[in-house]
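Residue numbers (this note's numbering): 58 to 431.
No residue lacks a Cβ here, since even glycine has one placed at the ideal position from N, Cα and C.
In what follows, a single structure is set out as C-alpha cells and then discussed.
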Amino acid sequence: MDFLPFTRPHIDEDTIAAVAEVLRSGWITTGPKCRELEAALSLRYGGRPVRLANSATAALEFALRISGVGPGDEVIVPSLTWVATANVVLAVGATPVFVDVDPATRLIDLGLVENAVTRLTRAVMPVDLAGLPVDRDRLYTIAAKHRLRVIEDAAQSQGANWHGREIGSSGDLVCFSFHPNKNMTTGEGGCLVMNNPDEAALFEKLRLQGVTRRPDHTYDCDVLGGKANLTDIAAAIGLGQLQRLDAFNARRRQLAQAYFDRLDASRLELPVADFEHGNWHMFQVLLPEALADRRAELIDRMKADGIGIGVHFPAIHLTTLYRERGYGSLGLPHTESIARRTMSLPLFPQMHTAEVDRVAKALHHQLDQLRPAP
C-alpha cells in the first residue's frame, strides 16, 4: 500500500507548462509573472496593495518594520504556532510577549491579549492556526482601543473568511504563506497585503536591499533592506495555484467532514467544526493526556502502517532560544497541553475519502494498542 503523507502539493500540467515557459523566456527572477500574481492577489483582496516575498517570514518581518516596530517595543503573539511568528519580533529588536490560547479554538486568547497590553506594546500578531480565523471583530476592537497595529499571521488561512469577508480583504497588515504545505503554493514564498501605496513602496525597498531605481538608471539606497524577492518561476506556480484555490479548499472541507464522521470524539479531542470560516489547512486532533507521552510511539506506529502524521506545533516559549531568554517558566497551560498532545492528520485535496477511512481505522486500532492499563 502506498505511503500516505501528511500533505502533498498538487501541481497540474498547465502550471508545469507555465513554469517551462518562464524557464525558456530567459527571465526567471522577479519580473512580469510576479507582477501578474501580485495583481491577481490584489484583485482578490479588494484592490489592496499586495507584494510578494520569498517567504512569509520575510513578509512578517517587513510588516513589523513598516509598522515602525523596533527596539524597546513589545509585540503580543501566541506561542502555539511556527517559531517564525516570534523570531521576526526578535529580528527587529523588539520583545515578543506570549499569551495563552483558548483551549477550544486553540487560537490566541483575545481576553489575555488585552490584559497583556502595556505602554510598550506596539502591535499584536494573531495566528489563524490550521486555517481557523481569529475573531476579527473582537481583535480590531482591542487594537483600536489601545492604538495597536495588527499584523495578521494568516500564513495558514488562504481562502478563509470572517463572516463572509475573505481574510486579506480587510484589516491592517495581512501575511500569507505559499510554502509547499499551504493551501496554495509557489514552492516557497509569501506575500503581504497592505493599506496604501506608501507601505507597498517601502515593502519593495525592504525586499531588495533598500534600493530605489532612478530615471538615469542608477539607484539610491535609503533604508536597510534584505534580499527577499520572489522569482518568476515561483510566481508562475502561484498563478496556477490561485486559480484552483477555491476548489482546493472545497475539497479540504469535504475531507474534514469525512474525518468528523469517522473519528471517535470520545477517544480524541477533535478541532472546532467551523465550516463557515475556516479553510481546513490542517485537521488536528489531540491525544488524551494519558497518552501524551506516547505520541512519538503512536506516530511511529502510524508510519509503519504507511500513514504520515505531523506535529504542529511545539510551544515556542519552551524551545531553547526562548528558554535562554527567560520564557521557559512563563506558564501557558493551554498552549503547553495542546502542544504535547497535537497531531496533524493527512489532509490535502488529492486525497480520496477512502484514505480518510484508512487513517481513521489505523488510528483507532493503534489507540487500542496504546490504551493505558486500568
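#1: Alpha carbon to alpha carbon, how far is A292 from A77?
#2: For L80, which residues of its own chain have a beta-carbon under 8 Å away from its beta-carbon, when the five flanking residues on both sides are left out?
#3: What span of residues does the alpha helix (DSSP H) with Q341 cover, start to end?
#4: Which residue marks the beginning of the alpha helix (DSSP H) containing T410, and which one marks its end?
#5: If you draw a straight line from the alpha carbon of E209 to that of P183, how long is it in whole angstroms?
#6: So who's on the other strand from D210, going by DSSP bridges?
#7: Report yes if the CB atom of G297 is closer than 8 Å to the CB atom of T72, and no otherwise.
#8: I'd like to know whether the C-beta atoms of A113 and F119 end up nearer to each other than 8 Å.
#9: Quick check on DSSP: helix, strand or coil for E223?
#10: Compute the distance between the beta-carbons of L137 and A372, then report whether it is under 8 Å.
#11: Do L196 and L230 have their C-beta atoms within less than 8 Å of each other?
#12: Could you tell me which of A313, H203, V413 and T87 sits nearest to G188, measuring between CA atoms?
#13: Restricting to Cα atoms, I'd like to know which of T242, Q213, G125 and R397 is closest to P345.
#14: Would you please state the rounded distance, in angstroms, between the beta carbons of T64 and N238? I believe it to be under 8 Å.
#15: Which residues in the same chain as E95 place their Cβ atom closer than 8 Å to its Cβ, once the five residues preceding and following it in sequence are excluded?
#16: Compute the distance between the beta-carbons of N240 and G225, then report whether it is under 8 Å.
#17: Whole alpha helix (DSSP H) runs in the stretch 146-177 with 4 or more residues, listed along the chain?
#18: I'd like to know if the stretch 149-157 and the stretch 168-182 are in contact, where contact means that at least 3 CB-CB pairs between them fall below 8 Å.
#19: Which runs of the beta strand (DSSP E) at least 3 residues long sit entirely within the stretch 298-346? Give them in chain order.
#20: Where does A217 fall in DSSP's three states?
#21: Name the DSSP bridge partner or partners of E131?
#22: Suppose you measure from the CA of D425 to the CA of F235; what does that come to, to the nearest Å?
#23: How many Å lie between E131 and V146 at the Cα?
#24: Can a CB atom of chain D be found closer than 8 Å to the CB of V156?
#25: Can you have a look at T198 and say buried or exposed, based on whether 16 or more other CB atoms are within 10 angstroms of its CB?
#26: Give every residue of the same chain whose Cβ lies closer than 7 Å to the Cβ of A211, excluding the five residues on either side of it in the sequence, and list them in chain order.
Judging by the given coordinates:
#1: For the pair A292 and A77, the Cα-to-Cα distance works out to about 12 Å.
#2: I290
#3: Note, Q341: premise wrong, no alpha helix (DSSP H); beta strand (DSSP E) at F340 to L343.
#4: T410 to L427
#5: 6 Å
#6: According to DSSP, which records beta bridges pairwise, D210 is partnered with V184 and C232.
#7: Contact annotation: G297 and T72 have beta-carbon atoms nearer than 8 Å.
#8: no
#9: The answer is strand: DSSP assigns E223 an E or B state.
#10: yes
#11: no
#12: A313
#13: R397
#14: 5 Å
#15: V107, R108, L109 and C248
#16: no
#17: Taking 4 residues as the shortest admissible run, the stretch 146-177 contains the following complete alpha helix (DSSP H) segments, listed from N- to C-terminal end: 167-173.
#18: yes
#19: 340-343
#20: coil
#21: As DSSP reads the structure, E131 sits in a beta bridge with T152 and T178.
#22: 38 Å
#23: 8 Å
#24: Any reference to chain D falls outside this structure, which holds one protein chain only.
#25: So T198 ends up on the exposed side.
#26: D185, I224, G225, V231, C232 and F233
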